[in-house]
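Asks:
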Amino acid sequence: MMSPRPMSEDRGSSPYFRHTPLQIIHMVGNFFRIWSIYSMYRYFLQTGASVVLFLFCCLAPAAIIFLTLQKPWKGKPLSNTQVVPSVINGGITALYFILWGKGLKACGPLRAILAEYSGAVLGVLSAVLYGRRGFVWKKVGGLIAMLVSFYFLSQGWAMATYFPFYIL
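Once you know that position 104 of the sequence shown is 104 in my numbering, the rest is easy, because the numbers rise by one and skip nothing.
#1: Going straight from the alpha carbon of A106 to that of S149, what length do you get?
#2: Under the rule that 16 or more other beta-carbon atoms within 10 Å means buried, what is F31, buried or exposed?
#3: Quick one: grab the DSSP three-state call for G108.
#4: So, for G142: in the same chain, excluding its five sequence neighbours on each side, which residues have a beta-carbon less than 6 Å away from its beta-carbon?
#5: Rounded to the nearest angstrom, how far is the Cβ of F54 from that of G101, given a contact under 8 Å?
#6: How would you write the range of the alpha helix (DSSP H) that W169 sits in, first residue to last?
#7: Can you name the start and end residues of the alpha helix (DSSP H) that L78 belongs to?
#8: Would a C-beta distance cut-off of 8 Å place G103 and Y41 closer than the cut-off?
#9: CA-CA distance, Y151 and I64?
#10: For S149, which three-state DSSP category applies?
#11: Nearest by alpha-carbon distance to A145: which of V51, F56, Y117, K71 is it?
#12: Over the uninterrupted alpha helix (DSSP H) stretch that includes F54, give me the two end residues.
#13: May I have the straight-line CA-CA distance separating V181 from I98, to the nearest angstrom?
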């Protein structure tokens with residue numbers, strides 16, 4: 001069995017340093033995503049805009065940009081067995097976006113964001129009960145943190161006025 005090549009000490013960088021730019025990009029991306037969700041919620045409240053029209057106006061330009069960049073008409077065409085699942089997947093995705101937007105408008109941004117991660121609670125619970133026994137305390141800690149956040153959510157801590165960037 002071959003062992004991995006040891007890191008030479010003269011390079012001056014630890015293996016953790018290589019992941020730092022990606023972690024920063026991930027955190028900045030999540031920040032902008034959450035900020036945009038709160039901004040979208042505020043826009044819905046102030047204007048009373050239609051969720052379907054808003055999503056169409058956001059997704060149509062993105063679809064046009066991707067179509068011009070990808071040029072799907074130049075490649076091999078989809079077979080009939082691929083067209084039907086693609087259309088079904090597109091319909092389900094459109095329904096998901098509409099329901100998510102209506103849920104955002106009805107429940108608020110924090111509840112909409114946490115509802116996206118409700119499946120993670122079941123995944124962690126399944127991993128604790130049926131998974132390997134290594135690092136069980138981390139799994140239980142994550143499960144407890146998610147359950148506590150859902151408890152606070154049910155107590156009404158999801159008001160948009162409590163968001164730190166509400167004044168922007």
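Even for Gly, the Cβ is constructed at its ideal location relative to N, Cα and C.
Fair warning: this is a prediction, and the values are worked out from it, not measured in the lab.
Replies: The relevant details are as follows:
#1: If you take the alpha carbons of A106 and S149, they lie about 19 Å apart.
#2: The residue in question, F31, is exposed, as its Cβ has fewer than 16 Cβ neighbours within 10 Å.
#3: coil
#4: The residues are V124.
#5: Going by Cβ atoms, the distance from F54 to G101 rounds to 7 Å, so yes, they are a contact pair.
#6: Since the first residue shown for the chain is 1 and the last is 168, residue 169 is missing from the structure and cannot be characterised.
#7: No alpha helix (DSSP H) holds L78; DSSP gives it neither H nor E.
#8: no
#9: 42 Å
#10: Here S149 carries a helix assignment [DSSP, helix/strand/coil].
#11: Y117
#12: Annotation: the continuous alpha helix (DSSP H) that includes F54 extends over 51-70.
#13: Coverage of the chain is limited to positions 1 through 168, which leaves residue 181 absent and any answer about it impossible.
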